[in-house]
Structure formats: C-alpha cells, structure tokens
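The next block holds one structure in the form of structure tokens; read it before the comments.
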Amino acid sequence: MCGFVAAIALTDHASIDRRSVELATDLLGHRGPDASNLVHDSQFSFGHRRLSIIDLGARSDQPFSDPSESVTLVYNGEIYNYRELRRELAAKGAQFRTTGDTEVVLQAYLIWGDDLVHHLDGIFAFVLFDRRRRRALVVRDPLGVKPVYYARHGDILLVGSEPKAITAFNGFKVSLDAATISAFLTFRYAIEAEQWICGVLQLLPGHRLRVESGRVDNSAYWRVEAARPCVAGAEGVAAAIRHAVSSQLLSDVPVGLLLSGGVDSSVIAAAATVATEALGEPPLRAYTAALADSRCDETRYAAEVATHLNIPLTPVAVEPLVLRETVDMLVNCRDGPLGMHNEIAMFALASAVRRDAKVLLCGEGADETFAGYTRLFRLPFDIARIRGLSRLPAVVRGPLARAIDVPEFCPTDPMSLFFERYGYFSQHEKAELFRPEVWEAIDHDRRLWSYIDDRLRPSADRPLIDRIGHFFVGLHLPGLLGMIDGTTMAAGVEARVPFCDRRLVELALSLPQQDKIMWRSRLHGIRAAFQPIARFSEQADCSKVVIRRIYGESLPKNVTSRRKMGFPTPLRAWIWGQLAELRQDMLESAASPLFMYFREQPIRCWLEKSRRGDDGPSRKLWMLMTLGVFLSGLTHGATRSGRAKEYHEAHY
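Below, the structure is given as structure tokens:
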C-alpha cells in the first residue's frame, strides 16, 4: 500500500517540472511513511511514497526499474498470487532481484505486456513507462479498491493516487465542478469519471490507460456485467471465501481484523482463524469500535464472536477523535467531503491498529455482492406488487398503494424507483435545496443521470435483481472502498477486503436469488405483501442467505441470525455536541460557502427537526457539514495537503 504520482510527456517538446513532482510526492506522505523516492527523466517523472508490507528492505523501494532501466514502475497495492506468478515467470526466463510483489508486476509486463492484468489477483493501481516503446500503461484493479486519478495538463499527462498529487503541479488551475456536488448528495461520492476539480478524472475500476504517440486510450479490461449464472452453490462460495481470506493474510508485517460482531466481519474473522491455525500461527488480533451510545455500540457482539473463536479483541474508543480537526484532516486527506457517516470511527480503528500492525482485514463488500441491502434488493417484489395493483379498480388501487407506499403504476424503468429509495437526498429535495441558478447551471442533473444510464445499459436485459447487483458492485462499491482507502491510509494502514476478491464477486453475482435473499418464513412473505417495505425489510426477510448457511455452525447462532446494523454512529449527538462549532460555521452561518450553492430554508428545516430529536436528517446534515469544510478550503485558497501523517504522530 503506497502513494504515487506520475507525469508523462505527450510530446517531444513537453517539459516536466521536477519541483512539482517532488511537492506532489511529499503531499502523499500519509500513504507511505516508510520511504520516499523519485525518478526524473525527460519523457516521464515518477514519485513514490512507500508503506512497506512485503519484502521490507530498500531493494523493493519504488520507482522500480528492470536491470536495463528500460521499464520503470510505480505501484500501489498487493498482488496476492505474486508467489505463483513469480514461479511461472521464472519458468519463462524472468530473473528476480527481490522477493516482493513489485518486481513481479514489472516482470509480468515484460513477458505478457498489457495482458498482465489478466494474471493479477489482488488490489492494485500502477503506472509503467516503457522507454523502449516510448509508451505508458496506467491500470486500476477490477473492483476499484485502489484509487487512480488523472488529468491532462497541457502536453503532460498527470496521474496520482489522490487528486492533490495532480493539483499540486505548477500552473494547474483549481476550480470546482459544481455538478459533482449533486452527484455527491445522491451517491455520497463523486461517482462520475469527472471529479470535484475540473479536469481531474478518476480511472474507473477495471480500466486501463494506454499512452502512446501523444494519444491516451481509455478502455475496460473487466466489467461487472460479465458474470453469468452458475451452479457453484454453497460449496463454491465457501471455497472462494476461504481462498480470498487465506491469500490476503500474506504479509511481512502484522495483520489485524476489523470485527463488529455482524455477519460480514465475523465470517472474515472465522475464516482467518481457520487459516492461521492451518499455518500454525497465532490468531489475528481483532479491533472493534466502542461508542458511548449503547444503541450504536457493538462491542458486546464483537466480544461474543471473539470469545467463540478464541481470538484477542481490542475495543477502540471513538469519541476522543470526534473533533473538528479530525473532520478537517480527513477532508484534506480525501480531497473531498465525507459521504459516509462512519468515517471518523474507521479512522479511529485504523489509528489503533497502527500501533500493532500495518494491515487490516475488513468485511466490506458482502452487502453489495450478496444482497445485504434488503430494502433495495426487494425491488423486484415491489414491482410485482405494483403490477398487481394496476389491475385493480382505481377506488381500491389508490388507497392500497398509499398504504404499502408504492406507486399505483409500474414505472417504465423499474430502476427509477430504485434510485428514489437509494439516495439520502431525493431529486425533489435537491431541486428545493440548490439555488435556482445553480440547479439550472448543472442542467437539472441531466449529465449525472445520463452517465448512470450509460453505465447500467450493458445489463439492461438482465433480471432486475442482477441489475441492482451490478449497480452496487460497479457504482456504489467504489465509493465505499474509497472511504475505506482514505480513512485507513490517513493512519498509515493498508485495508484489505476479502469479499471484494474478483472471483468471489463474480461467483456471488451469478448466484440465484434464493441464495442471497429469502423470507424468514412463508407467513412473513404473505404479511410483507401488505406492508410498506420500510416496515418488513430486515424483519420479514433474510439477506446473504448462502453465507449464513455456510457459517451457521462456525459462529454463534445469534450472530448468523442477527439483523443488519450498518456500522451505526450517534451522528445527531455529535452534530449537537462535539461538532457543534462545525455545525454552526457550516450550516448556520451566512458566511458558509454552502450558501453559494444552496438555499438556506431546507437546511434550516433539517436542523430544526434534528434539534427536536429527530435522527432522520442526521446523515444529510453530516454530508452538508463536511461538504462545507471542503468548499471552504477551495473558497479560501487553503492547501488541501495530506496532514494525516503529522496528525497521527501527534496523537498516537
């Protein structure tokens, strides 16, 4: 796990500013506190910050070149099958000077060329420059665990692990893409290729850039829609989970576990315990978030799992880090607002792990791949109810539709109903929130929804539950993974996500619906037909069915039967308590930069509801507060530098 910056000349006359590369590399210090190096050439310049995980010596520092220095690499991530690839490449004549995975990536390119991406099993983002062919290759892993951003700056292509590595370049104009604000309100992150800063793009998961003869070609090498139905069943899923977890234990530094006591993290803990026992190694230490609010605190569940598996557990107090400076630092590190409600808690956990380990196994990805969000994955059930209602007389149809909270008639595209339920801010709320001139300037979200339509079009002929799964994996999951990457790297910790193993994801997406979501009983299904989905979701149905079946004997019964909590945090209490000053500055002050884009009245209404004790607006207010912090940095010309390393050293 590391951070890199690359500048690639697109013409013979391009001049790369070395000082800008040095500055950009320094700004990524939180991503790689163990080593910093730079290679500068007339055709390209690479800077790298290293967090040492495999082959800890200086011989694996980057930028890394082959002995002839014909190819140079900067790389962020881990290749879990690098030992197998090393043997295969050695049989083809490759010679190695190190024992790490970095050199394996380089040798794979020398032998397989651009097709190396089809051999790699892991989480990765990298840039290769080939002097022999005067070309570059930029790659991001299939699920988007590792970030890549790029921009054209005159006749130079800039690439970086974070946007700040790009905007640090001399002469790069920083201006906000206002349409991204609206995308953030719906999807909690900048979901489009276009990012917060005009001209800065994200390389989408499963994509690569080929840079040659001044051209930059962007193409996909893996797509989520490729997964097709299979008959692997529970045995295949169990084997895939075992493989994903055991392969991701590979490390030359200590590894820890994130354990909430929910199904997902408990499964990872159980699989890791079996794997370490098989290797004759001690169990991994687990870490869980400890919150003062008993409604949100999950330590009792985590303790039960830890006791059952006989693994050590460390509760981590979150409240001491619920500070304005923590929010400022995370926004600076992430180069954007915080869309997830649990980012402070994740940073607190990663900071605690950093005392003992550099690697953390997390349970993220199971909800997206195994239908964990039942309120949304039950959309096919609602569509069937709506079609039934449409056949009834109007005098009956209307009242019944209102009683179960569905439209009277089926929408042309059922996914439109999905998106009404998905976002924290509805389209109507956004239209009321934005100042009219801003809403007009961003063309009423037409660019955003055109992008979503284009991304979902390849799966348009698939069953509705498959389309929902493709959305969650292809569009929702990268935002969640960006949160995990940002909060853990802010503390100098590498997060690994076994449920995002490519083969496991492909297998999960291909499973039939009954292996993912089912009624708890036939009676529950009958009752659900006459209730709003918000009432029966997680009450009448059961998610991630195949996972619960596989681990029913390995985990306590009340864990495998436990309903989803979703890493809860007492947001309302924080907003009116520890973060009151931030709330006042960003949501109540007329000087807040938010009011350049938003009307005050909707925000006042949400604040008043929250003040009276309503938890409903809390996530809206959290998102708006952190958006205000980000906009304030742009408005006042603040340097959005990565201060996490310094913060971490000061507090831990």
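In full-length UniProt numbering, the protein residues as written are 1 to 652.
Heads up, the beta-carbon is just placed ideally off N, CA and C, and yes, glycines get one too.
Computed from a prediction, not measured in an experiment: that's the story for all the values here.
| Check | Outcome |
| --- | --- |
| Where G628 falls: helix, strand or coil (DSSP) | helix |
| Nonlocal neighbours in the same chain, by C-beta distance under 6 Å from A35, ignoring five residues either side | R50, D61 |
| Proximity to I197 [Cα-Cα], best of K164, L10, Y221 | K164 |
| Contact belief for G3 with S161 at Cβ below 8 Å, rounded distance in angstroms | 4 Å |
| Own chain, CB closer than 7 Å to M518, minus 5 neighbours either side, in chain order | D541, C542, V545 |
| Chain-order list of residues whose beta-carbon lies under 6 Å from that of S52 (same chain, five-residue window excluded) | D34 |
| Enclosing alpha helix (DSSP H) for W519 [first to last residue] | Per DSSP, W519 belongs to no alpha helix (DSSP H); it is in the beta strand (DSSP E), 517-519. |
| Start-end ranges of the alpha helix (DSSP H) lying completely within the segment 223-276, minimum 4 residues | 233-247 |
| Among V263, R599, E608, nearest to F499 - alpha-carbon criterion | V263 |
| F598 and A490 closer than 8 Å at C-beta | no |
| Check whether P380 and I465 have beta carbons under 8 Å apart | yes |
| Cβ-based burial, I526 [other Cβ within 10 Å; buried from 16] | exposed |
| Burial state of D115 (16 or more Cβ within 10 Å) | exposed |
| Through-space distance from A226 to D501, alpha-carbon basis | 15 Å |
| Pair within 8 Å by beta-carbon distance, L185 and E194 | no |
| Residue from E78, H48, S589, G100 whose Cα sits closest to the Cα of V145 | E78 |
| Inter-stretch contact (C-beta, 8 Å, three-pair minimum) for the segment 620-639 and the segment 587-597 | yes |
| Counterpart residues of C542 in DSSP-defined beta bridges | M518 |
| Exposure label - N310; buried when at least 16 CB within 10 Å | exposed |
| Proximal residues to F409 (C-beta, below 6 Å), its chain only, five neighbours per side dropped | S390 |
| V327 versus P393, D356, R295, T487, residue with shortest Cα-Cα distance | T487 |
| Stretch pair the segment 147-162 + the segment 79-91: three plus CB contacts closer than 8 Å | no |
| Endpoints, beta strand (DSSP E) assigned at A495 | 494-496 |
| Contact the segment 570-578 vs the segment 284-302: 3+ CB pairs below 8 Å | yes |
| Straight-line gap, S537 to F46 (C-alpha atoms, nearest Å) | 50 Å |
| Beta-carbon proximity of R132 to T98, cut-off 8 Å | no |
| Sub-8 Å separation of D130 and S70 beta-carbons | yes |
| V559 (DSSP reduced to helix, strand or coil) | helix |
| Under 8 Å between C-beta atoms of L158 and V216 | no |
| Pick from S618, A371, R18, A136 that is closest to A168, judged by C-alpha positions | R18 |
| Residue interval of the alpha helix (DSSP H) (run including S182) | 179-187 |
| Three-way DSSP call (helix, strand, coil) for P315 in this model | strand |
| Residues bridged to H48 (per DSSP) | F4, N37 |
| Nearest-angstrom Cα separation, counted from G154 out to S182 | 29 Å |
| R285 in three-state terms, based on DSSP | strand |
| Simplified DSSP assignment, three categories, for E432 | helix |
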